[in-house]
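Right, dumping it as structure tokens:
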């Protein structure tokens, strides 16, 4: 374990915690107080650290995600589990607000060929988001939702292009997790840079 800690850069105490929480598979037991770990453990530790420290996910959510990565379900179903674990909505909305939000989002989803229904966690996430935007009085942002949907389609194509060439299922799912969680952070950073540049073009006097 000391060697695993040195190789991964993660303290022994943290590794033991991940083992107890089921985030990291156990090593091959070689004696009562020693186990052998391989490259897959190093890779998993780096993935966990990225999801927690960069992606900002809770340990409970990471547990769900790595369980999906380790399962033997079909890729589409595994990615569905992953998206469900990553997409949470903490916003409670009234029946009237929900009806309004579904009326706004439904036509957009159908126009883009997206699966749209209350059983989809992304839909619930969007419902809470657009209701919050409306409650704050920012209709102008909602007026641009169609343009955001077009960008989302292009990003989804880029997301899937990055994993199409990967052969093994575990690497495909792992790449999808990294692409979704850290891809969000990547796009967030790029968006900030683009906003700053566009602001300067529109409003700067020099």
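Residue numbers (UniProt numbering): 1 to 206.
Where is the CB? At the ideal position from N, CA and C, for every residue including glycine.
Boundaries (first-last residue) of the alpha helix (DSSP H) holding residue i
i: residue 135; result: 121 to 135
i: residue 204; result: Element bounds for residue 204: n/a, residue is neither H nor E.
i: residue 100; result: 95 to 112
i: residue 64; result: 59 to 70
Endpoints, beta strand (DSSP E) assigned at residue i
i: residue 28; result: 28 to 31
i: residue 144; result: Per DSSP, residue 144 belongs to no beta strand (DSSP E) and is neither H nor E.
i: residue 165; result: Note, residue 165: premise wrong, no beta strand (DSSP E); not H, not E.
i: residue 35; result: 34 to 36
Separation of residue j from residue i, as counted between CA atoms
i: residue 191; j: residue 98; result: 29 Å
i: residue 46; j: residue 22; result: 15 Å
i: residue 104; j: residue 202; result: 30 Å
i: residue 56; j: residue 62; result: 10 Å
i: residue 91; j: residue 125; result: 8 Å
i: residue 15; j: residue 177; result: 21 Å
i: residue 108; j: residue 19; result: 44 Å
i: residue 152; j: residue 49; result: 27 Å
i: residue 118; j: residue 181; result: 23 Å
i: residue 174; j: residue 11; result: 23 Å
i: residue 157; j: residue 32; result: 49 Å
Whole-number beta carbon distance between residue j and residue i, since they are thought to touch under 8 Å
i: residue 93; j: residue 137; result: Not a contact, Cβ separation roughly 16 Å.
i: residue 42; j: residue 7; result: 5 Å
i: residue 142; j: residue 133; result: 6 Å
Same chain only: Cβ atoms within 7 Å of residue i, ignoring 5 sequence neighbours per side
i: residue 58; result: none
i: residue 84; result: 121
Residue i CB to nearest heavy atom of the ligand ADP below 7 Å
i: residue 139; result: The ligand ADP is not part of this structure, which contains no ligands at all.
Residues of its chain near residue i, where Cβ-Cβ distance is below 8 Å and the 5 sequence neighbours each way are ignored
i: residue 35; result: 1, 26, 27, 28, 29
Spatial neighbours of residue i in its chain, beta-carbon cut-off 6 Å, leaving aside the 5 residues before and after
i: residue 24; result: 18, 44
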